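Take a look at the structure below.
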Amino acid sequence: MIFHLISGLALAAFCIGYALRRRRRIHIPLMLAAGLTDLAVVIILTIQRDPFGTLARSSPGILWVHVSLALLSLVLLGRQAWTGRRLVGDPAARASHGRLAVTFLACRTLTFITALMVTPA
Ligand code: HEM
């Protein structure tokens with residue numbers, strides 16, 4: 010399914026952006042592009058598939074896990090964007106930006122895996 014492909018590419022971009030975290034001129038645009046892609050996919054799927062309505066009606070366990078991970082990923086992504094923006098002008102923000110980076114990547118990877126379980130490609 011096309012959304013799995015787009016989401017997988019965004020995840021790959023996050024991992025490459027993490028590996029290139031010292032190279033600002035690559036790290037920042039790559040993370041912003043991957044983040045905006047993620048946001049667009051979540052908005053489109055929420056409109057098209059109504060995941061919250063499905064949860065309210067039938068609440069399959071794996072969908073709960075997936076939606077929870079997806080929301081947590083978005084929150085962590087928002088935090089990374091916020092602390093990353095601060096880091097541009099304030100080196101003291103480095104610690105808070107670096108601290109949750111791996112947590113975000115783990116959460117985002119699990120979101121991708123559970124998406125494949127909810128709707129196999
Ligand atoms: C979305 C917008 C983002 C912006 C504007 C941003 C900005 C930055 C900046 C300016 C740096 C410092 C680069 C340097 O060493 O000169 C940095 C480092 C870093 N970024 Fe981001 N970033 C963003 C997203 C992310 C995301 C999503 C992750 C999660 C994987 C991440 C993980 C890291 C890590 C681990 C470092 C190294 C921190 C350290 O040195 O301890 N960033 N980022």
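Residue numbering for the sequence shown follows this note's numbering, starting at 10 and increasing by one per position. Heads up, the beta-carbon is just placed ideally off N, CA and C, and yes, glycines get one too. Values in this document were obtained by computation on a predicted structure and should not be read as measured data.
Given residue i, which residues of its chain have a CB within under 6 Å of its CB, disregarding the five upstream and five downstream residues?
i, result
"Arg95", "Ala102"
"Gly93", "His106"
"Leu29", "Ile35 and His36"
"Met126", "Ile71"
"Val76", "Pro60"
Tell me which residues share the same chain as residue i and place their Cβ nearer than 8 Å to its Cβ, disregarding the 5 neighbours each side in the sequence.
i, result
"Leu114", "Phe23, Cys24 and Tyr27"
Nearest CA to the CA of residue i: which residue from the options?
i, options, result
"Leu119", "Phe12, Gly17 and Ala65", "Gly17"
"Ile37", "Phe121, Ala104, Ala79 and Val97", "Val97"
"Leu79", "Gln89, Ile122 and Arg32", "Correcting the residue type first, residue 79 is Ala in the shown sequence and not Leu. The shortest Cα separation from Ala79 among Gln89, Ile122 and Arg32 belongs to Ile122."
"Ala42", "Leu86, Met10 and Leu81", "Leu86"
"Ala21", "Arg117, Arg108 and Arg58", "Arg117"
"Ala90", "Pro69, Ala110, Ala65 and Leu54", "Ala110"
Going by beta carbon distance, what residues of the same chain come within less than 7 Å of residue i, once the five residues before and after it are set aside?
i, result
"Ile15", "Thr46 and Val50"
"Ile11", "none"
Which full runs of the alpha helix (DSSP H) of 4+ residues lie inside the segment 27-104, going along the chain?
Within the segment 27-104, the complete alpha helix (DSSP H) runs of at least 4 residues fall at 33-58, 60-66 and 70-98.
The ligand HEM: which residues have Cβ under 7 Å from any of its heavy atoms, chain order?
Phe23, Gly26, Tyr27, Arg30, Arg31, Arg33, His36, Ile37, Met40, Leu41, Gly44, Leu86, Gln89, Ala90, Gly93, Arg94, Leu96, Val97, Arg103, Ala104, His106, Gly107, Ala110, Phe113 and Leu114
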